[in-house]
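Quick notes on the structure that follows.
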Amino acid sequence: MRRRSLLPLMSGLLAAPSLALPQAARAQTRQGPPHEWMFGGWTGGIFPATETQGPACFGNVTVIVTRDIVMRVSSLDVAFRQRAIETVAIIPDGLEFRFVPTPGRAAVPESGFGCDNNPNILRVRRVSDDEVLFTDCREFPSPLKRCKG
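Structure below.
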């Protein structure tokens, strides 16, 4: 009688260990940046957000978050103001962005977010997966809501 090897079965399990892990454990092992949950377009902030679905929302985006940059609308110019991210830290109720300072040149109007602490720091309080607040930022007094679909 020929003996069957368990090696093909075992190699299949080793090749896909995430299948054996519960979903919560897989989420904890994800290797994305701490602000990954904020990637995308957000509306509101400057004004109360009303529409969060489809083209109507994306036409009124006020903030866009990517891996390396946070962009915000400007009431004085058609272009978005871009801030390069230096670091992102997880704080108890959200995130703290530290932006790369722009030494040697005068600060562009509205380059920050009107936050009391420092134009190079943005604290974000997470209300839910689809709603955030920029704390202590007079230029963003309303909640921001994620644009979907």
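The sequence shown: position 23 = 23 (the working numbering), numbered continuously.
Quick reminder that beta carbons are idealized off the backbone N, C-alpha and C, glycines included.
What you are looking at is a predicted structure, and each value in this text was computed from that prediction instead of being measured.
- Message: Quick test of your reading: ILE69 and ARG81, contact by CB under 8 Å. State the CB separation rounded to the nearest angstrom.
- Response: In the sequence shown, counting from the first residue as 1, residue 69 sits at position 69. In the sequence shown, counting from the first residue as 1, residue 81 sits at position 81. Going by Cβ atoms, the distance from ILE69 to ARG81 rounds to 10 Å, so no, they are not a contact pair.
- Opposite ARG67 in the DSSP bridges: which residues? Looking up residue 67 in the sequence shown gives position 67. Its beta-bridge partners do not exist; DSSP assigns none.
- Item | Unbroken alpha helix (DSSP H) run spanning GLY54, endpoints | Residue numbering aside, residue 54 sits at position 54 when the sequence shown is read from its first letter. Note, GLY54: alpha helix (DSSP H), 54-58.
- Message: Given a cut-off of 8 Å on the beta-carbon distance, is the pair LEU144 and TRP42 in contact?
- Response: Translated into the one-based positions of the sequence shown, residue 144 becomes position 144. Translated into the one-based positions of the sequence shown, residue 42 becomes position 42. With contacts defined by Cβ atoms closer than 8 Å, LEU144 and TRP42 form a contacting pair.
- Reference ILE85; option with closest CA among PHE47, ILE121, ASN60, THR50: Locating residue 85 in the sequence shown gives position 85, where the first residue counts as 1. ILE85 has its Cα closest to that of ILE121, out of PHE47, ILE121, ASN60, THR50.
- Item | beta strand (DSSP E) segment containing THR82, residue limits | Reading the sequence shown from its first residue, position 82 is the one you call residue 82. Residue identity check: residue 82 is Gln in the sequence provided, not Thr. Segment 81-91, the beta strand (DSSP E) holding GLN82.
- Item | ILE46 versus SER142: straight-line alpha-carbon distance, rounded | Within the sequence shown, residue 46 is the residue found at index 46, counting from 1. Within the sequence shown, residue 142 is the residue found at index 142, counting from 1. Between the alpha carbons of ILE46 and SER142 lies a gap of roughly 6 Å.
- Nearest-angstrom Cα separation, counted from ASP130 out to VAL73: In the sequence shown, counting from the first residue as 1, residue 73 sits at position 73. In the sequence shown, counting from the first residue as 1, residue 130 sits at position 130. Spanning the two alpha carbons is a distance of roughly 19 Å.
- Pair within 8 Å by beta-carbon distance, GLY149 and GLY54: Within the sequence shown, numbered from 1, the residue matching residue 149 stands at position 149. Within the sequence shown, numbered from 1, the residue matching residue 54 stands at position 54. Yes, these two residues count as a Cβ contact at 8 Å.
- Message: Tell me the rounded alpha-carbon separation between ALA27 and PRO34.
- Response: Counting from one through the sequence shown, the residue named residue 27 turns up at place 27. Counting from one through the sequence shown, the residue named residue 34 turns up at place 34. With a pLDDT of only 46 at ALA27, under 50, the local geometry of the prediction cannot be trusted, and the value read off the model is given with reservation. When rounded, the distance between both Cα atoms is 12 Å.
- Task: Specify the secondary structure class of GLU139 as computed by DSSP and reduced to three states.
- Result: Taking the sequence shown and counting its residues from 1, the one referred to as residue 139 is at position 139. Three-state DSSP puts GLU139 in coil, outside helix and strand.
- Task: Give me whichever residues DSSP pairs with GLU96 in a beta bridge.
- Result: Translated into positions along the sequence shown, residue 96 becomes position 96. Per DSSP, ALA89, ARG123.
- Message: Beta-carbon within less than 6 Å of ILE152's beta-carbon, same chain only, minus the 5 sequence neighbours each way: which residues are those?
- Response: Missing from the structure shown is residue 152; the chain here goes from 1 to 149 and no further.
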